[in-house]
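Q:
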Amino acid sequence: MSSLSRDEWIMVGFEALCEGGAEVIRVEPLAKRLGVTKGSFYHHFSTRRDLQMALLQAWEQRGTDEIIEHVQGSAQLPEDRLRSLAYQTFAVQANADAIEAAIRAWANTDNEVAETATRVDQRRLDYVAKLLVAHGMAAEVAQRRAKLLYRTLIGEYIWRSGGGPTSTREEIDELIDLLLN
36 MSSLSRDEWI
46 MVGFEALCEG
56 GAEVIRVEPL
66 AKRLGVTKGS
76 FYHHFSTRRD
86 LQMALLQAWE
96 QRGTDEIIEH
106 VQGSAQLPED
116 RLRSLAYQTF
126 AVQANADAIE
136 AAIRAWANTD
146 NEVAETATRV
156 DQRRLDYVAK
166 LLVAHGMAAE
176 VAQRRAKLLY
186 RTLIGEYIWR
196 SGGGPTSTRE
206 EIDELIDLLL
216 N
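Residue numbering for the sequence shown follows our numbering, starting at 36 and increasing by one per position.
1) Out of Gly171, Gln123, Glu50, Glu147, state which residue places its alpha-carbon closest to the alpha-carbon of threonine 201.
2) Do we get a CB-CB distance below 8 Å when we pair leucine 167 with the residues of chain B?
3) With distances taken Cα to Cα, identify the nearest neighbour of serine 33 among Leu52, Pro64, Gly55, Leu86.
4) What are the uninterrupted segments assigned as alpha helix (DSSP H) that are 4 or more residues long and contained completely in the stretch 91-176, given in chain order?
5) Please report the distance separating the alpha-carbon of aspartate 208 from that of histidine 79.
6) Considering only the beta carbon of each residue, do leucine 132 and tyrosine 192 sit closer than 8 Å?
7) Assuming the contact rule is C-beta atoms closer than 8 Å, isoleucine 60 and alanine 66 should be a hit. Round their C-beta distance to whole Å, please.
8) Report yes if the CB atom of leucine 214 is closer than 8 Å to the CB atom of leucine 188, and no otherwise.
9) Starting from phenylalanine 49, trace the alpha helix (DSSP H) in both directions and tell me its first and last residue.
10) Taking 7 Å as the line, does the beta carbon of leucine 214 fall inside it for any heavy atom of the ligand SAM?
11) Taking just the CA atoms, how far does threonine 203 sit from leucine 91?
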């Protein structure tokens, strides 16, 4: 029996989630896809729900924690951090658009996922608002502008998933300039 890493199971779980939603995240089909027995799965997870929760944790870690950590180390000035954040989040990343869309669709049918998505959204908004406040913006204005940036980013994911072009660096710079002024 071949044993895979926990991360390999998480990656194939994301693939399934993006292809067919949370309902298709099933142990036996995933094991078959990976060419292993179900025993490999149970080495890392006790239930299907454990894998699903691991997907949410990985989404938050990779799509929020790691990005914030990178941005914090990328520049000293808050406006430069905001640009770094925009460049990183608006960039095309393997499966990121599909994963974001799949998590949001899943949140419509699962309260625990919805609560996680809401918490992650708030963390992301708070981080952007914090950068804007550090730039010198009033907190109320910073919160509104953080929402505008986040909604624009979600629109970018949808646009690209429908075949639209990715925002250019110049367009991202113009967006950040608008937010900062």
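Built from N, CA and C at the ideal position, the CB exists for glycine as well.
A: Answer, in terms of the structure:
1) If you number the sequence shown from 1, residue 201 lands on position 166. Considering only alpha carbons, the answer is Gln123.
2) Here there is only one protein chain, and chain B is not present.
3) The requested residue 33 does not occur in the structure, where the chain is confined to residues 36 to 216.
4) 101-107, 113-125, 131-142, 146-170
5) Position 173 of the sequence shown, counted from the first residue, corresponds to residue 208. Position 44 of the sequence shown, counted from the first residue, corresponds to residue 79. Straight-line Cα distance between these residues: approximately 43 Å.
6) Mapped onto the sequence shown, residue 132 falls at position 97. Mapped onto the sequence shown, residue 192 falls at position 157. Leucine is not the amino acid found at residue 132; the sequence shown has aspartate there. Their beta carbons are under 8 Å apart, which means aspartate 132 touches tyrosine 192 by this criterion.
7) Residue mapping note: residue 60 aligns to position 25 of the sequence shown, counting from 1. Residue mapping note: residue 66 aligns to position 31 of the sequence shown, counting from 1. Actually they do not touch by this definition, with Cβ atoms about 12 Å apart.
8) Residue mapping note: residue 214 aligns to position 179 of the sequence shown, counting from 1. Residue mapping note: residue 188 aligns to position 153 of the sequence shown, counting from 1. Their beta carbons are not under 8 Å apart, which means leucine 214 does not touch leucine 188 by this criterion.
9) For the purposes of this step, residue 49 is taken as residue 14 along the sequence shown, with counting starting at 1. 41-55 is the span of the alpha helix (DSSP H), which, as asked, contains phenylalanine 49.
10) The ligand SAM is not among the ligands present in this structure, which contains no ligands whatsoever.
11) In the sequence shown, counting from the first residue as 1, residue 91 sits at position 56. In the sequence shown, counting from the first residue as 1, residue 203 sits at position 168. Cα to Cα, the separation comes out at about 30 Å.
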